[in-house]
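Remarks on the structure that follows.
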Amino acid sequence: MEDKLLIAGREFTSRFFLGTGKFGNKEAMKQAIVTSGSQLVTVALRRIDLEDTEENILSFIPENTTIMVNTSGARNADEAVRIARIAREAGYGDWIKIEVINDSRYLLPDNQETVKATKILSADGFTVLPYMNPDLYVAKALVEAGAAAVMPLGSLIGSNQGLRMRALIEVLIEEINEVPIVVDAGIGRPSHAAEAMEIGADAVLANTAVADAEDPPLMAAAFARGVEAGRLAYLARMGKERAVARASSPLTGFLYDE
Amino acid sequence: MKITVNGRQMEIAEGMDLHRLVYSGKANPERVILVLNDGVVKSDQWPLTVLTEGDRIEMVSFVGGG
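If you read the sequences in order, they're chains F and A.
Numbered per our numbering, the first sequence finishes at 855, counting up by one with no gaps.
Numbered per our numbering, the second sequence finishes at 390, counting up by one with no gaps.
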């Protein structure tokens, strides 16, 4: 069955995107990218010093994987724009995940600044995927500003709480038809990923849940199947939930009826 | 001569260029992205870029992130 996801003209056969943060070692990260089947991964940009002996993360990302640089660390639109431009000048930042965060306890995205950054970077030729707090008006503003997809949080970053924002994400799925909806953040289990896809999300982005697992490549494979199962269930159109039982076997022709 | 690297002042010799600066440390040069006074300088330009007093450098790299 052909079921491709299209973002800014690029086709994806996998609807699972993987973040590369927090992996214990880069070899496990590389394996996890492979077993996840992900065709898009996120990376961040950070200061390093002259004595930093870390390995080059880019050499652990399989070829043909779309690298999307996030603007984490940006506290406002201007900083996000600056990070995006540095990434692009360095040769990697055409795809940008806008992440503007002011608050260090909940790490919630600043929707207003996110819209601002989306507008500037889209006009500047970037493919912009903004991470946002699920709000219909903001999602519409992001589409208007040129976002290539809208990425509402499922729950707080790294919390593994799953789809706490479900009702609001459902509104976005229902109302935003111009661009894909990618559920990002808080997805802690493959079943959460499946749930997001069952309700009609176009893709899921996860990181912590995979990186924190004892066996990240195995967990990445589990997530890939969760996403795929949820997607197939959505396409198959699920039956309705009912308050009372409805027999699966015929209610006639019982053997010992008098 | 003083320059600023990642927000910190650093004393360097006159005539120091970006190539020698980067190779003076242990960081893998392939990882390094240099932003000099707001513009990225590509690595092939490092040897030609001689630093001057007061230059501001951001030395950054791609790292794991979600």
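Every residue, glycine too, gets a C-beta built ideally from N, C-alpha and C.
Query raised in the report: Shortest alpha-carbon distance to V678 (chain F) belongs to which of F:A736, F:K716 and F:D707?
Result: F:K716
Query raised in the report: Can you tell which of F:I654, F:L705 and F:A826 has the C-alpha that lies nearest to the C-alpha of A671 (chain F)?
Result: F:L705
Query raised in the report: Span of the beta strand (DSSP E) holding R332 (chain A)?
Result: R332 to E335
**Report entry** Counterpart residues of R344 (chain A) in DSSP-defined beta bridges
**Finding:** Looking at the DSSP assignment, R344 (chain A) forms no beta bridge with any residue, so it has no partner.
Query raised in the report: Listing by chain order, which chain F residues have their CB less than 8 Å from the CB of M383 (chain A)?
Result: R644, I645, D646 and L647
Report task. With 8 Å as the threshold, decide whether the Cβ of I770 (chain F) is near any Cβ in chain A. Result -> no
Query raised in the report: Any C-beta of chain A sitting closer than 8 Å to the C-beta of T805 (chain F)?
Result: yes
Query raised in the report: Which stretch, first to last residue, makes up the alpha helix (DSSP H) that contains V384 (chain A)?
Result: Unbroken run through V384 (chain A) is the beta strand (DSSP E), R380 to G388; no alpha helix (DSSP H).
Query raised in the report: Are there 16 or more other CB atoms within 10 angstroms of the CB of M762 (chain F), so buried, or fewer, so exposed?
Result: buried
Query raised in the report: Just the Cα atoms here: how many angstroms apart are K619 (chain F) and M626 (chain F)?
Result: 9 Å
Report task. Return the chain-ordered list of same chain residues with a C-beta closer than 8 Å to the C-beta of K623 (chain F), the five sequence neighbours on each side being excluded. Result -> E652, I654 and F657
Query raised in the report: Does the beta-carbon distance from F723 (chain F) to A687 (chain F) come in below 8 Å?
Result: no
Requested in this report: Count the C-beta pairs between the segment 777-796 of chain F and the segment 841-848 of chain F that are closer than 8 Å, then say yes if the count reaches three, no if not.
Outcome: no
Query - Check whether G616 (chain F) and T639 (chain F) have beta carbons under 8 Å apart - result: yes
Query raised in the report: Where does V871 (chain F) fall in DSSP's three states?
Result: This structure gives no information on residue 871 (chain F), because the portion of chain F shown stretches from 598 to 855.
Query - Local Cβ density within 10 Å of Y728 (chain F), reported as buried at 16 or more and exposed below that - result: buried
Requested in this report: Give the secondary structure of R672 (chain F) by DSSP, where H, G and I count as helix, E and B as strand, and everything else as coil.
Outcome: coil
Query raised in the report: Applying the criterion that 16 or more other CB atoms from any shown protein chain within 10 Å of the CB defines a buried residue, is M665 (chain F) buried or exposed?
Result: buried
Query raised in the report: Of all the beta strand (DSSP E) runs that stay within the bounds of the segment 646-729 of chain F, which reach a length of 3 or more residues?
Result: 663-667, 692-695 and 724-729
Query raised in the report: Shorter than 8 Å from the beta carbon of S635 (chain F) to some beta carbon of chain A?
Result: no
Requested in this report: Specify, as a first and last residue, the run of the beta strand (DSSP E) that A800 (chain F) falls within.
Outcome: A800 to A803
Query - Beta-carbon contacts of I604 (chain F) that lie in its chain and below 7 Å, excluding the five residues immediately before and after - result: A745, A746 and P777
Query raised in the report: Just the Cα atoms here: how many angstroms apart are D379 (chain A) and Q333 (chain A)?
Result: 10 Å
Query raised in the report: Buried or exposed: where does E354 (chain A) fall if 16 or more other Cβ atoms within 10 Å of its Cβ makes it buried?
Result: exposed
**Report entry** According to DSSP, residues forming a beta bridge with E608 (chain F)
**Finding:** F:L603
Query raised in the report: For A818 (chain F), which of F:K601, F:E696, F:S752 and F:R786 has the nearest alpha-carbon?
Result: F:R786
Query raised in the report: At a CB-CB cut-off below 8 Å, which residues of chain F make contact with K391 (chain A)?
Result: The requested residue 391 (chain A) does not occur in the structure, where chain A is confined to residues 325 to 390.
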